[in-house]
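Novice: My structure is below; once you've seen it, I'll send some questions.
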RNA sequence: GGGCGGAUAGCUCAGUUGGGAGAGCGCUGCCCUUACAAGGCAGAGGUCACAGGUUCGAUCCCUGUUCCGCCUACCA
């Protein structure tokens, strides 16, 4: 029966969807707790449910899929746990935009209806990225798909919250936190991005209260906040100012006087004027300085970062000033304040000043330090074991260079603000008894509410609830029925939700059923490897380690592979606004999924960002096509008997390719074990294209094409055996192509997905065949160079001569005589150089192998001669260099003997080549018409 | 300010017990040779950023300099 024939080019689109469905239908990706094989587990970094696949996802998930498919083929019980993240702020924004387009708002809908809207949205659009991951070939166990807001995961969140609270590791308090005045919520420290920007440094006069002639100059970048100053600090050892400590200054634009305090921590004597204003309600350092000196906090900004009239009045700001700046945003108020100071002659100088501005990582709005009651995780006790786990190697970061980064951050970690003033997310499981907290729960819709805490709530919210920091929460797994203090049953649940990363931190065990001790948890936890980008090392990885250790007593994963960031071809970060985004979906459409995956793998070098250019993808598309065509060739020649038998009985070509295949299997396996996806990819590429296709298939042709050949049966056997094996070796990288091709060639089993991954076989190794190949390659390449020089047509039969330095190489050439004639397309005479004709032969040499080509017809002898001369010159230079080294007594006495021997051998070969080239030149000259 | 990484062919990057500088893409020439023009064959192209040091010998190890990234930080 004739084998199936393939189309001339590989068309990925036609095969990808078909095979993916086949794999899913057969349940190949499903992990089971019943299997006895060693588990291998990866939990996916859950993409935002609002997300759609970008090239960073493509990289991240391609690498995970390579690992998972590799381990699955190795026979491990593999689980790749998929899922998505509810992405609090991002998702809420998406749905709010929809509402806005409909002319409504979440406030109009109310909390419950709004949350229902988000769920509706998720049901309709939240599966986008999951479908896209499937297109990428991701072999996740989709039966186990999880979402951070699922019931089970939410249960885990409440459990963790309650337990941490019971241990005193979660607390509520009024602190300065980072506040985004656009998202109207608190952010954790790491959600603030610092960006250098040009600002101004204002020097302002503060007059002494009892001696207005004496002025202190205070430097600030934020003059508008002076309205909330409660002190001025100088260094206690500063001779310029220390006598002023304890005195009062008049605070400009207000009716207040404030003290001068000495503070060695806050004040840097070298900077500015050496005198600094203290605004405890609007600056982190000042907050701490305020604590040290017992200063009051006067908030003067509202939740939208506008100058708040209530706060300004409370700060005794002059009425005229209030009228000038009230309800202006900070950046609008600043010039007004500057002008007012100028008018009154209180502005000394203004100079340009570079500073790092904190911005919201989601919306890039400048964040404000903002005083409000929030929930925090006391992090030091959790960080300590997480540091230990990495220090003692229970968790390995790869590349290792990130370890110090991690440790440094963990050792200096600050308490984690986990409450967010949004609706979409895990609402904090804390309830307040209304009767016991009658004084601390404020429920007015009053616009100009005076307290700072009231301002923490979105202004637009009609049902304003403010829970003061001294309210008494009941933290419980479920809503309490009766107040333990008063027996009352009227409760208010804390309106805040948790930071999305709080639930993500539980991902490796919450997805496996924790807090239940499920079979899944017992089988698959701790997980094996986490694959992630550096950008969420602190957001996610560090927190998973802390929570995993705290609640399971085990590390959540053993290896953390940190991959690079994908940039555009110019090295710019990809962003929609720059328009330099490479869309992986479009890439898959045009070049095929396998080409994209292989490209990303090949560029995943450790410690370096990936600059992705489309030409690279095209190159690997061509690679896929090359394999496709190799398959076509094989299918054309496969019909006929196959003779299996010991490798020793097979041809030189067969033994050589099996030896190289074995070498490649070993190399690829080692690379994968070390997470060197780039190396593995290039080893595969090199072997398949430049050894298997370029040489082996050519070497195999004579026996395949000759019906009489006694070799044919054995060659067909090797051809198939090697090809089927390399398909399996390649499968984790190019799953679709390999399945498609594998199904057309003879094989055992239903799918390549579940076939064993190749392992090295020492019987395949043949040093002898590899040594022979080196001789063959030298000879053939040299002949080809000569043919190109002489401008011979590729098909032209040529008379050739061959020789070698050393009997061993010469014997190998003799043994390979038929191959030499086939590949160099000519008749080859292997005899000592001395016996070659003395005229009309172009003599060339390389690495001790010599080749002669009969010169016939019209030939541009001049250019051939030039080429020879150049080569000869290089030869002499190299020989001189090496002889120079050998001439130094220090070298010959100190260098290892192998090195010296190697040098001598090289000189010997160079000498031989030199003689050959010289005689070749002489001959060429003799053939050329004499000049003049 | 602190920390980390990088600088190798036109471009993107490999390159460990220190000993003849590599790949892919691009470029040049020849070729539609019955698997593949998304291809074949051949070729050109490098003071391995700079300056010192260690060594018989340095792209590799050490020191310093310059430039470029990234992370991190409260210099008002």
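Residue numbers (our numbering): 826 to 1757.
Cβ atoms here follow ideal geometry from the backbone N, Cα and C, with glycine treated the same way.
Anyone know if the C-beta pair for residue 1399 and residue 987 falls short of 8 Å?
Specialist: Not closer than 8 Å, so no.
Novice: Near residue 815, which residues of its chain fall below 7 Å by C-beta distance, leaving aside the five closest residues on each side in sequence?
Specialist: For residue 815 there is no data in the structure shown, the boundaries of the chain being 826 and 1757.
Novice: Return helix, strand or coil for residue 1684, following the three-state DSSP convention.
Specialist: DSSP places residue 1684 in coil when its eight states are reduced to three.
Novice: Please state the DSSP three-state secondary structure of residue 989.
Specialist: Residue 989 falls in the helix class under three-state DSSP.
Novice: What are the boundary residues of the beta strand (DSSP E) that residue 1179 is part of?
Specialist: Per DSSP, residue 1179 belongs to the beta strand (DSSP E) from 1172-1185.
Novice: In the structure shown, what three-state DSSP assignment does residue 1675 receive?
Specialist: Note: residue 1675 maps to strand in three-state DSSP.
Novice: For residue 1568 versus residue 1666, is the C-beta distance shorter than 8 Å?
Specialist: No, these two residues do not count as a Cβ contact at 8 Å.
Novice: Judging by CA-CA distance, which residue of 1185, 1050 and 1081 is the nearest neighbour of residue 1157?
Specialist: Looking at the Cα atoms, 1050 is the closest of the given residues.
Novice: How about residue 1132 and residue 1123: are their beta carbons less than 8 Å apart?
Specialist: No, the pair does not count as a contact, with Cβ atoms beyond the cut-off.
Novice: Candidates 1379, 871 and 1508: which alpha carbon is nearest residue 1426's?
Specialist: The shortest Cα separation from residue 1426 among 1379, 871 and 1508 belongs to 1508.
Novice: Here's the rule I'm using: 16 or more other beta-carbon atoms within 10 Å means buried, otherwise exposed. How should residue 1333 be labelled?
Specialist: By the 10 Å Cβ count, residue 1333 comes out buried.
Novice: Use the C-beta contact count for residue 959: other C-beta atoms within 10 angstroms, 16 or more gives buried, fewer gives exposed.
Specialist: Flag for residue 959 reads buried.
Novice: If you compare alpha carbons, which of 1647, 1096, 1643 and 1676 is closest to residue 1656?
Specialist: Comparing Cα positions, the closest option is 1676.
Novice: If you draw a straight line from the alpha carbon of residue 1273 to that of residue 1134, how long is it in whole angstroms?
Specialist: Note that residue 1273 has pLDDT 40, beneath the 50 cutoff, so the model's placement of it is unreliable and no number is given.
Novice: Which same chain residues end up closer than 6 Å to residue 1605 when comparing Cβ atoms and leaving out the 5 residues on each side of it in sequence?
Specialist: Within the same chain, residue 1605 has close Cβ partners 1648 and 1649.
Novice: Can you find the residues in the same chain that come closer than 8 Å, C-beta to C-beta, to residue 1553, ignoring five residues on each side of it along the sequence?
Specialist: Excluding sequence neighbours, residue 1553 sits near 898, 1563, 1567, 1577, 1580, 1581, 1582 and 1583.
Novice: Using the three-state DSSP reduction, which class does residue 1399 fall into: helix, strand or coil?
Specialist: It is coil, neither helix nor strand.
Novice: Do residue 1317 and residue 1259 have their C-beta atoms closer together than 8 Å?
Specialist: For residue 1317 and residue 1259, yes; Cβs fall inside 8 Å.
Novice: With H, G and I counted as helix, E and B as strand and the rest as coil, what does DSSP make of residue 1331?
Specialist: The answer is coil: DSSP assigns residue 1331 none of H, G, I, E or B.
Novice: Threshold first: 3 residues or longer. Then list the beta strand (DSSP E) segments lying entirely within the segment 1043-1109, N to C.
Specialist: Runs found: 1056-1059, 1073-1075, 1082-1087 and 1100-1103.
Novice: For residue 875, which residues of its own chain have a beta-carbon under 7 Å away from its beta-carbon, when the five flanking residues on both sides are left out?
Specialist: So the list reads 912, 915, 916 and 919, once near-sequence residues are dropped.
Novice: Which same chain residues end up closer than 7 Å to residue 910 when comparing Cβ atoms and leaving out the 5 residues on each side of it in sequence?
Specialist: Excluding positions up to five away in sequence, the list reads 871, 872, 873, 874, 973, 1325 and 1329.
Novice: Rounded to whole angstroms, what is the Cα-Cα separation between residue 1422 and residue 884?
Specialist: Each residue's alpha carbon lies about 7 Å from the other.
Novice: Please name the residue or residues paired with residue 1005 in a DSSP beta bridge.
Specialist: Answer is 1010, bridged to residue 1005.
Novice: How many Å lie between residue 1185 and residue 1040 at the Cα?
Specialist: Cα to Cα, the separation comes out at about 38 Å.
Novice: Do the CB positions of residue 1055 and residue 1142 come within less than 8 Å of each other?
Specialist: Not closer than 8 Å, so no.
Novice: Looking at C-alpha atoms only, which residue of 934, 853, 930 and 944 is the closest neighbour of residue 902?
Specialist: Minimum Cα distance to residue 902 is reached at 853.
Novice: Could you pull out every unbroken alpha helix (DSSP H) segment of at least 4 residues lying fully inside the segment 923-954, listed in chain order?
Specialist: List check, alpha helix (DSSP H) in window: 931-934 and 936-950.
Novice: What do you get for residue 1713, buried or exposed, if any count of 16 or more other CB atoms within 10 angstroms of its CB means buried?
Specialist: Exposed is the call here.
Novice: Does DSSP classify residue 1260 as helix, strand or coil?
Specialist: It is coil, neither helix nor strand.
Novice: Along the chain, where does the beta strand (DSSP E) that runs through residue 1655 open and close?
Specialist: 1651-1655 is the extent of the beta strand (DSSP E) around residue 1655.
Novice: Among the residues of its own chain, which have a CB less than 6 Å from the CB of residue 1355, if the five just before and after it don't count?
Specialist: Here the set comprises 1382 and 1385.
Novice: Taking residue 1741 as the reference, which of 1629, 1341 and 1254 has the closest Cα?
Specialist: Closest option to residue 1741, Cα to Cα, is 1629.
Novice: What's the gap between the Cα of residue 848 and the Cα of residue 1459?
Specialist: The alpha-carbon atoms of residue 848 and residue 1459 are separated by roughly 26 Å.
Novice: Beta-carbon within less than 6 Å of residue 1547's beta-carbon, same chain only, minus the 5 sequence neighbours each way: which residues are those?
Specialist: So the qualifying residues of the chain are 1482 and 1486.
Novice: Runs of 3 residues minimum, wholly inside the segment 856-924: which ones carry the beta strand (DSSP E) assignment?
Specialist: Correct list: 864-868 and 902-906.
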